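A short write-up of the structure that comes next.
In UniProt numbering, the protein residues as written are 1 to 476.
Next comes the structure, spelled out in structure tokens:
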């Protein structure tokens, strides 16, 4: 399939083989390949056999716990209107008691509570078309936990990793600490540029470790708010097959898509439906999902779906680091999800997406009111909770003295059009408003006029006043 080919002509229901286990030997890091399994946790499956007397693990006796019952009052996913229930009938009471409570307060498997793992796998089957033959699920303490373990599973010092430019600020220190080279790939209003990606790969220096993975946030990207188009996804998947690298699909905003166009298929799904006769095989995509943006951020429950060889390495890391994701959080999530079922879950996330669409629409109104007179430029997001805004920063703002950080192949057109970091520090904050300077989203720390503005927590009065203050700071 050539880049730019009609995506409808490139999909097929032809079954594809899963990539062989040996395929991952060149991807797994030395740490992943040499890490010893937990001698105790490796026997958990044996301990769980029917009739087995449990003398293996030093589990605390639940009779000593001070908890008798946990009661959850949960909004119905079908409650009318806003996220605030209209009546008591919109509230369901869920009790966690007895064996369920004992399980919630006890150790569990490194891959997560089995019943929750199974529920999430069923969701992935229905949403993305995975099967037990080509993928499994592991649960972590949020996507950030899983991302760290996934990168640790494949990165050796000196390896190369590709990321979007700009990219999620929270992933930069994760990768940087692994002492690898982070290569930035240009993006635009349609997502990752396949032209920039292929140019980077074609011009890769001989003798230098070839990139192992492309990290991307394809829905409502943090910080840009851009959703990668279907054509771009197909092009990037083709390049992953051609140049043999993995795709880490970090998708915490997948369920917060509220665009007018049809939702593009995930990389995980496309890998199973788009056939390339020359590069067949499933297993180049590792997907990350999270309950943080749609359920409760403080529960710290996320999950990864993909090839078992990488997930096994991640579970090995968990078993020797933090043993497991938090059982209590998982049981709370499980009881609610079981009560809802997948139809109820979908009703809930649809309502959450509509909630943020309303927030986006209101914020857009005040953006136009306060910044639409030449003070800023932006693309209206179709997912998530951020605006990526290029400020028209006045020359009176003293720019920081920084070295030239422009990298080969990067598009740094706004480097000389204003320093948002300095503007935020000496103008915006003094005027009572805080936004994220765009430099935080670039690996090279380049000077940029862009800022990321979050609208998720603001009511309309705060939107109006916050953007008015930002506007006044730009005029100072």
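For each residue, glycine too, the CB sits at the ideal point set by N, CA and C.
Please read all numbers here as calculations on a predicted model, not as lab measurements.
In chain order, what residues of the same chain lie with their CB nearer than 7 Å to the CB of residue i, ignoring the 5 residues before and after it?
i: residue 109; result: 44 and 324
i: residue 313; result: 28, 32 and 153
i: residue 232; result: 190, 191, 192 and 194
i: residue 459; result: none
i: residue 296; result: none
i: residue 315; result: 110, 111 and 138
i: residue 347; result: 77 and 78
Can you give me the start and stop residues for the alpha helix (DSSP H) that residue i sits inside?
i: residue 248; result: Per DSSP, residue 248 belongs to no alpha helix (DSSP H); it is in the beta strand (DSSP E), 246 to 250.
i: residue 174; result: 172 to 176
i: residue 124; result: 114 to 128
i: residue 232; result: 230 to 243
i: residue 254; result: Per DSSP, residue 254 belongs to no alpha helix (DSSP H) and is neither H nor E.
i: residue 149; result: 143 to 154
i: residue 423; result: 420 to 423
i: residue 33; result: 30 to 34
Give the secondary structure of residue i by DSSP, where H, G and I count as helix, E and B as strand, and everything else as coil.
i: residue 442; result: coil
i: residue 463; result: helix
i: residue 494; result: There is no way to answer for residue 494, as the model of the chain reaches only from 1 to 476.
i: residue 47; result: helix
i: residue 289; result: strand
i: residue 436; result: strand
i: residue 276; result: coil
i: residue 282; result: strand
i: residue 64; result: helix
i: residue 227; result: coil
i: residue 18; result: strand
i: residue 429; result: helix
i: residue 354; result: helix
i: residue 367; result: helix
i: residue 457; result: coil
i: residue 328; result: helix
i: residue 111; result: coil
i: residue 343; result: helix
i: residue 263; result: coil
i: residue 312; result: helix
In terms of DSSP beta bridges, what is residue i paired with?
i: residue 390; result: 377 and 450
i: residue 136; result: 306
i: residue 162; result: 183 and 214
i: residue 188; result: 191
i: residue 383; result: 257
Within a Cβ cutoff of 8 Å, which residues of the same chain sit near residue i, ignoring the five residues on either side of it in sequence?
i: residue 249; result: 216, 218, 266, 267, 268, 285, 286, 287 and 288
i: residue 158; result: 179, 180, 181 and 209
i: residue 342; result: 122, 123 and 126
i: residue 103; result: 113, 327 and 331
The beta strand (DSSP E) with residue i in it runs from where to where?
i: residue 74; result: 69 to 75
i: residue 92; result: 91 to 97
Looking only at its chain, what residues have a beta carbon closer than 6 Å to the beta carbon of residue i, apart from the 5 residues adjacent to it on each side?
i: residue 319; result: 38, 41 and 110
i: residue 370; result: 467, 468 and 471
i: residue 377; result: 390
If we define contact as Cβ-Cβ less than 8 Å, is residue i a contact residue for chain B?
i: residue 357; result: No chain B appears in the structure shown, which is made up of a single protein chain.
Contact check, residue i vs residue j under 8 Å by CB: the rounded distance?
i: residue 429; j: residue 389; result: The pair is not a contact, with the Cβ atoms about 16 Å apart (cut-off 8 Å).
i: residue 480; j: residue 91; result: Outside the shown range of the chain (1 to 476) lies residue 480, about which nothing can therefore be said.
i: residue 301; j: residue 330; result: 6 Å
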